[in-house]
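All you need for the numbering used here is the position in the sequence shown, starting with 1, plus 10. Beta carbons are placed, not taken as given, at the ideal position from N, Cα and C, and that holds for glycine. First comes the structure, then the notes that go with it.
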Amino acid sequence: MKKHNFSAGPSILPEYTIKNTADAILNFAGTGLSVMEVSHRDKEFMAVMEQANKLFKELLDIPSGYEVLFLGGGASMQFCMVPYNLMNKKAAYLNTGTWASKAIKEAHFFGEVVEVASSKDENFCYIPKGYEIPSDADYFHITTNNTIFGTEIKEDLDVNVPLVADMSSDIFSRPIDVSKYSVIYGGAQKNLAPSGVAFVIVKEDALGKVDRKIPTMLNYKTHIDNESMFNTPPVVPIFSALQTLIWLKEQGGVKEMEKRNIAKADMLYSEIERNKMFKATVKNIEDRSVMNICFVMNDEYKDLELEFREFAISKGMVGIKGHRSVGGFRASCYNALPVESVKALIDVMQEFEKKH
Ligand SMILES: *Cc1c(COP(=O)(O)O)cnc(C)c1O
11 MKKHNFSAGP SILPEYTIKN TADAILNFAG TGLSVMEVSH RDKEFMAVME QANKLFKELL
71 DIPSGYEVLF LGGGASMQFC MVPYNLMNKK AAYLNTGTWA SKAIKEAHFF GEVVEVASSK
131 DENFCYIPKG YEIPSDADYF HITTNNTIFG TEIKEDLDVN VPLVADMSSD IFSRPIDVSK
191 YSVIYGGAQK NLAPSGVAFV IVKEDALGKV DRKIPTMLNY KTHIDNESMF NTPPVVPIFS
251 ALQTLIWLKE QGGVKEMEKR NIAKADMLYS EIERNKMFKA TVKNIEDRSV MNICFVMNDE
311 YKDLELEFRE FAISKGMVGI KGHRSVGGFR ASCYNALPVE SVKALIDVMQ EFEKKH
């Protein structure tokens, strides 16, 4: 049976990425060696790194003055690298969920943290608006897509201080205006590559402004100066990331992805609204994530949650169980998820409705 992979992360990747990675595991760039066993300083891998960097910049239309880094440690390492490198005394954070809360916790090690607003009061089911950012904050940190709660900030915000964004789960899902940000970071395992590598887009002139000493490995400058090769980079995930970037370009880039992603999300949210058994957990339409679509059983059908989950699994749906902090269901519809999978899920929802 065909599997439809709605996993939140690690998650679905393009066939192209998986196939080319499988081939390179056996024979990398005609070297007769596996990509797992070559030196990261061999010219074949240096070319991969260079091309990944170039395509990353091209696809997101990154202006000059910014560098792209590929680092270990996941997005979670960035929760401390950001304040280490950018916070002198004070930083502002928007608390929109689990990942934002974790970022806030780390920032507290480095100075005063102002939580400008939080949606914790309603289990993070909306994006707070109308908050004020202290003008003396060294930066303002947001999580653009809240993978667990299914909310998303879909616009590039205009703010009065340097902007930093965790874009782990919506990078490459739509065009962004990079010039509005000082740092954009994320783990690759949602929309780009297998786990093991994080990306960081950093504006060079945002650096060098803090008084503290920064350990070498945690200093963005180290990785800029060494083109992500200060230490051994995650070679295989970077190879896979390059395959996804090549695929993205062939498909028409982030504009085309945005079109497809909105179409997929609209189809699924419409079915959730129409189907008497389900309801969306995010009420404000403008806050609804295009990537992670969260829904629960309507109150009258609460007892059928387990039955629906098992029914969906029996029809080939993978990874639609909601995160434990929300419950219900979450369909992650990343770039590589074909529209056919969304249609298959909708069929399952309709079949289940007819059964009851
Ligand atoms: C998955 C995720 C993270 C954590 O990523 P790791 O690479 O596991 O550290 C952080 N932020 C967001 C928004 C995520 O979706």
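Here the distance from the Cβ of A208 to the nearest heavy atom of ligand 1 is below 7 Å. Counting along the chain, N302 sits inside the beta strand (DSSP E) bounded by residues 302-307. Rounded to whole angstroms, the separation of the alpha carbons of K289 and G263 is 32 Å. In the displayed model, Y76 falls within a strand according to three-state DSSP.
Distance from the C-beta of K100 to the nearest heavy atom of ligand 1 is not below 7 Å. Bridge pairing for S342: N302 [DSSP]. Taking 7 Å as the cut-off, the C-beta of K286 does not count as close to any heavy atom of ligand 1.
Taking all protein chains shown into account, E77 has 16 or more neighbouring C-beta atoms within 10 Å of its C-beta and is therefore buried. Just measuring C-alpha positions, the residue of S129, V328, A341, F318 sitting nearest M11 is V328. Of the heavy atoms belonging to ligand 1, none sits nearer than 7 Å to the Cβ of G82. Assignment of F318 by DSSP, reduced to helix, strand and coil, places it in the helix class. By the CB criterion at 8 Å, A346 and L70 fall outside the cutoff. In the structure shown, N236 falls within a coil segment according to DSSP collapsed to helix, strand and coil. Taking a contact as a CB-CB distance under 8 Å, the pair S129 and T108 does not count as one, their CB atoms being some 12 Å apart. DSSP, reduced to helix, strand and coil, places M327 within a strand of the structure shown. Distance from the C-beta of A85 to the nearest heavy atom of ligand 1 is below 7 Å. Look at S179 here: in three-state DSSP terms it is coil, with no helix or strand label.
Relative to ligand 1, the beta carbon of D176 is positioned inside 7 Å of a heavy atom. Residue range 193-197 is occupied by the beta strand (DSSP E) that includes G197. Taken in chain order, the complete beta strand (DSSP E) segments of 3 residues or longer contained in the region 211-290 are 288-290. Rounded to the nearest angstrom, the gap between the Cα atoms of R298 and G160 is 6 Å.
The C-beta distance from N155 to M301 rounds to 5 Å, short enough to meet the 8 Å contact threshold.
Relative to the Cα of N236, the nearest Cα in the group D215, V169, E60 belongs to E60. For K200, the CB falls within less than 7 Å of some heavy atom of ligand 1.
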